[in-house]
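Peer 1:
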Amino acid sequence: MSDQWTLVAAGLFGLFLFVGGVLAYRGTYRAWLVLKGAFLPGWIGLSGLYIGLALMMVPFIGPVLDSAPPLLVLVFAAVFFLSMVVGLLAVFWLPGFLLPGWVKDSRERMRRGEDRYSQAMRPGGALYGRLSDDPRAPVPPAAGGGGPEGDHRA
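Using my numbering, the first residue of the sequence shown is number -7, and each one after it goes up by one.
#1: Who does Leu32 pair with in a DSSP beta bridge?
#2: Could you give the uninterrupted runs of the alpha helix (DSSP H) lying entirely in the region 29 to 82, keeping only those of 4 residues or more?
#3: Answer yes or no: do Leu(-1) and Gly34 have a C-beta to C-beta separation smaller than 9 Å?
#4: Do three or more CB pairs link the region 35 to 44 to the region 69 to 84 at distances below 8 Å?
#5: Is it the case that the region 51 to 65 contacts the region 95 to 112, given that we only count it when at least three CB pairs across the two stretches are under 8 Å?
#6: May I have the straight-line CA-CA distance separating Leu160 from Gly29, to the nearest angstrom?
#7: Alpha carbons only, please: which of Phe5, Gly37, Met113, Phe10 is nearest the one belonging to Ala23?
#8: Report yes if the CB atom of Pro92 is closer than 9 Å to the CB atom of Gly19, and no otherwise.
#9: Less than 8 Å between C-beta atoms, sequence neighbours within five positions excluded: which residues of the same chain meet that for Ser(-6)?
#10: Out of Ala2, Gly105, Gly13, Arg101, which has the shortest C-alpha to C-alpha gap to Val50?
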């Protein structure tokens, strides 16, 4: 009895990951991007699509192996293992052809310098001069002064 609940739990967790992966691929759900590079170098949100698909198939492994024709078992096994391998690979890296369009567009905007961060780093931008490769470089005061060196009242 507990084995059935384990299979159902795996399937439901797989459904959760699958839906999250679909939303990540569509660009609707992007909060997972804060995890990119922080814990693992890959595309954690996008890997949910593939790992979720594999986990959703877990409750059906027994019935498929017991009663399905050999060709269907082979297709089922191929989809299961391929989705699991791609999902685990996506935790670390994804090839360009598997990345969604919104990621490719964002990368292209960054290369052209049209994203908000690149614009803030340009001269006149909000972050210009604040970030430096040299840690000894002085940080310019914030706009508006207000510090002890900027307050010259008589």
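Positions of the beta carbon are idealized from the N, C-alpha and C atoms, including for glycine.
Peer 2: So, from the data block:
#1: Lys28
#2: 36 to 49, 53 to 59, 62 to 82
#3: no
#4: yes
#5: no
#6: For residue 160 there is no data in the structure shown, the boundaries of the chain being -7 and 146.
#7: Gly37
#8: yes
#9: none
#10: Ala2
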